[in-house]
Every structure is written in structure tokens, then in C-alpha cells.
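So the structure is just underneath, and the comments pick up after that.
Chains as they are written, first to last, in the working numbering: chain E, 1 to 202; chain C, 203 to 333.
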């Protein structure tokens with residue numbers, strides 16, 4: 001917590017915000033009661049700040065583009081296929097891969113809260129958690145996509161997937177043209193987070 | 203975040219949707235703490251993820267005007283409620299402890315780690331230093 005050393009009282013420190021104090025209170029009580037281990041809390045923060053993120057999902061997509069057998073396994077059982085690359089854990093227990101095709105675009109939302117496939121995409125961006133996106137993605141997916149700069153011809157069907165606490169979706173974008181010469185690492189670099197949520201085309 | 207995502211959102215989107223192209227995962231440390239507490243309590247079996255999603259959904263539904271900026275405030279409120287429902291802690295105990303922390307900050311000289319003092323009437327006297 002940052003402290004301003006120019007503005008302080010000799011006898012004490014300015015307290016953090018009310019919400020920070022509430023969290024500190026909750027954490028200290030739960031630790032004291034032996035309900036959570038502080039080392040485990042640190043490990044969780046470390047993992048989400050540095051280890052999981054959309055680069056994981058990008059590797060899954062790149063492998064699906066380059067390896068037809070892997071793509072088929074991803075279709076049959078996305079959770080297992082993703083685990084092959086070492087991406088497992090909370091909020092990735094039941095993954096479904098949805099493939100964009102020339103006639104079909106997939107868009108993922110969580111209308112009720114912010115369910116999101118953590119092991120492959122990390123934590124969701126702010127807009128994904130916001131009421132406008134959560135409410136409008138289902139009602140007006142074309143309008144939402146247009147706001148992301150994606151204008152789809154009317155003949156392309158849009159399928160919206162509403163995530164739940166149980167099932168999480170990963171969009172497999174179409175492989176960009178003229179990428180035949182690229183290896184998996186180079187392909188993965190083309191895959192964006194928004195592409196895997198469905199709010200971008202590659 | 204890699205280059206392709208940076209600044210990817212167009213200007214008109216900002217009118218209705220907040221953006222965060224490549225900011226930090228957590229805006230403030232308390233958000234990370236609240237997140238980690240939830241994940242760990244779930245891992246310890248204190249509640250199922252469906253129960254958590256339900257609690258968070260209810261909180262979020264109470265604030266449809268939020269632009270996403272109060273998301274973690276709602277997260278904390280949902281966690282407090284679920285913790286109370288599971289009898290892990292409760293509103294009175296939380297209020298006492300929050301006050302004790304505020305007091306500890308006020309009485310700790312600058313540069314020293316803030317620790318709970320033995321002066322609060324908290325029902326759990328076994329106080330540990332802050333980590």
C-alpha cells in the first residue's frame with residue numbers, strides 16, 4: 001500500500017481505504033481461524049499476475065490451426081486437449097472450444113457475473129465484467145461487435161455463448177490467410193485475447 | 203499482454219464500455235487479496251463455485267449502472283455475505299476487526315509494519331502481526 005510521506009502525522013499512518021480495511025479484516029480473521037493459509041494466498045496472486053493469461057489460450061489456438069489431430073481432440077474434449085498443454089485448474093474444469101468458420105462467428109459472455117476460462121485466458125478484462133457488455137452481448141451481438149470495430153456481413157451467423165459457473169468457452173478464431181509458412185510460436189503471436197472471446201477477428 | 207491487444211478498442215466503444223487494453227491484473231492490492239481469499243476458500247471447500255457465482259451475480263445485479271469500476275467492491279460484498287452465510291465470520295466480527303485495523307494504522311509510526319494491537323474488543327484475542 002503506498003503511503004504519502006509528505007502528509008502524515010507524527011503518531012500514526014493514514015489508514016487505507018474503507019474497502020481495503022474490510023478486506024484486511026476478512027483476511028486476518030480467516031487466517032487466524034486457520035481457514036486460509038497466507039502462503040497459499042500469495043501463491044494465488046502470483047499465479048494470476050504472472051503465470052496465467054491469454055498467451056496460454058493463444059498456444060492452444062495455434063496448435064489447433066497447425067495440428068488437425070489436436071484440433072479434433074479439442075472438438076471432442078476441450079478440457080483434456082487443453083490439459084495436454086499443461087493448462088489446468090480452477091474455472092477450466094469444463095472447457096468447450098467453439099470454432100469460427102467463414103459462415104459462423106462465436107461470441108462469449110457471462111450474462112450473470114464474470115465466468116471466464118482462467119487457465120487459458122487469465123482474468124477477464126474490465127469490459128467483460130461490465131453490465132453493458134453482459135446485457136448487450138446477447139440482445140445485440142452485432143451492435144456490440146461493431147463497437148469493437150468488427151463489422152460482420154449479414155450472412156455470417158453470430159452464435160453467443162453464455163458462460164456459467166460450470167462451462168467455459170474458448171473461441172478458436174479462423175486462421176488468418178497467408179500464414180502457411182508460420183510455425184506454432186509465430187501463429188500464437190497472432191492470436192489476441194479479444195479474438196478468443198470473440199470480440200475481435202484476426 | 204502482447205502487442206496485438208494494446209489499444210485495440212475503438213473510440214466509440216468508450217462511451218458505453220470501459221476499456222483496459224493492457225493494464226495490471228489487479229488495480230489495487232486489496233482486489234488481489236479479495237480474489238485470492240475467494241479462490242482459496244473455494245479450494246478448501248468452504249463453498250462451491252456455483253454458490254460463489256450466485257452470490258457475486260446477486261451483488262452485481264444490484265448495481266446495473268456500474269461501468270465495471272465497482273466490480274471488486276461487489277466481489278468483496280459477495281464474499282462477506284457468503285462468509286457470513288457459511289458462519290466463517292459475521293458482520294459484527296468484521297466490523298470490530300475493520301475498526302481495529304483502522305486504529306492500528308492510526309497508532310503505528312511511519313515506516314513500521316502495521317500490526318493489530320491488543321486494544322480491540324475483538325472476540326478472537328489470538329492476534330497475529332500483519333503479514
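Here a beta-carbon is modelled for each residue, glycine too, at the ideal position from N, C-alpha and C. Small disclaimer: the values here were computed from a predicted structure and weren't measured.
key: Contacting residues, own chain, Cβ-Cβ under 6 Å from residue 260(C) (five flanking each side not counted)   = Here residue 260(C) has no same chain residue with a Cβ atom under 6 Å from its own Cβ, once five neighbours each way along the sequence are excluded.
ask   = Should residue 163(E) be labelled buried (16 or more other beta-carbon atoms within 10 Å of its own) or exposed?
value = Burial of residue 163(E) is indicated by the presence of at least 16 other C-beta atoms within 10 angstroms of its C-beta.
message = Tell me the DSSP secondary structure of residue 101(E) in three-state form.
response = For residue 101(E), the three-state secondary structure derived from DSSP is strand.
Cβ-Cβ separation, residue 91(E) to residue 117(E) (assumed contact under 8 Å), whole Å = Confirmed, about 6 Å.
task = Check whether the Cβ of residue 71(E) lies closer than 8 Å to any Cβ atom in chain C.
result = Using a Cβ-Cβ cut-off of 8 Å, residue 71(E) does not count as an interface residue toward chain C, since no Cβ of chain C sits closer than that to its own.
request  = Quick one: give me the first and last residue of the alpha helix (DSSP H) that residue 82(E) is part of.
outcome  = Annotation for residue 82(E): the continuous alpha helix (DSSP H) segment containing it runs 78 to 84.
task = Would you kindly work out how many angstroms separate the C-alpha atoms of residue 109(E) and residue 267(C), rounded to a whole number?
result = Their Cα atoms are separated by approximately 18 Å.
ask   = For the region 261 to 278 of chain C, which residues have a beta carbon sitting closer than 7 Å to at least one beta carbon of chain E?
value = Taking 7 Å as the Cβ-Cβ cut-off against chain E, the residues of the region 261 to 278 of chain C that qualify are 262, 266, 268, 269, 270, 273, 275 and 278.
query = Which two residues bound the contiguous alpha helix (DSSP H) that contains residue 169(E)?
reply = For residue 169(E), no alpha helix (DSSP H) run applies; the uninterrupted beta strand (DSSP E) run containing it begins and ends at 168 to 172, by DSSP.
query = If you run the structure through DSSP and keep just helix, strand and coil, what is residue 299(C)?
reply = Look at residue 299(C) here: in three-state DSSP terms it is helix.
query = Residues in the region 18 to 29 of chain E with C-beta within 7 Å of chain C's C-beta atoms, listed in sequence order?
reply = Correct list: 19, 20, 21, 22, 23, 24, 25, 26, 27, 28 and 29.
Any C-beta of chain E under 8 Å from that of residue 299(C) = Residue 299(C) counts as touching chain E.
ask   = So what does DSSP say about residue 19(E), is it helix, strand or coil?
value = Residue 19(E) falls in the helix class under three-state DSSP.
message = For the region 163 to 182 of chain E against the region 266 to 284 of chain C, do three or more pairs of beta-carbon atoms, one drawn from each stretch, fall closer than 8 Å, so that the two count as touching?
response = No, the region 163 to 182 of chain E does not touch the region 266 to 284 of chain C.
inquiry  = I need the DSSP call for residue 175(E), collapsed to helix, strand or coil.
reply    = The answer is coil: DSSP assigns residue 175(E) none of H, G, I, E or B.
query = Hey, out of 105(E), 25(E), 87(E) and 115(E), whose CA is closest to residue 200(E)'s CA?
reply = For the residues 105(E), 25(E), 87(E) and 115(E), the minimum Cα distance to residue 200(E) belongs to 105(E).
task = Output the boundary residues of the alpha helix (DSSP H) element that contains residue 42(E).
result = For residue 42(E), the enclosing alpha helix (DSSP H) starts and ends at 38 to 46.
task = Would you list the one or two residues that DSSP bridges to residue 158(E)?
result = For residue 158(E), which the question treats as bridged, DSSP gives the partners 105(E).
query = How would you call residue 288(C), buried or exposed, if buried means at least 16 neighbouring beta carbons within 10 angstroms?
reply = The residue is exposed, with fewer than 16 neighbouring Cβ atoms inside 10 Å.
task = Could you tell me whether any Cβ in chain E is nearer than 8 Å to the Cβ of residue 243(C)?
result = Yes, its Cβ sits closer than 8 Å to a Cβ of chain E.
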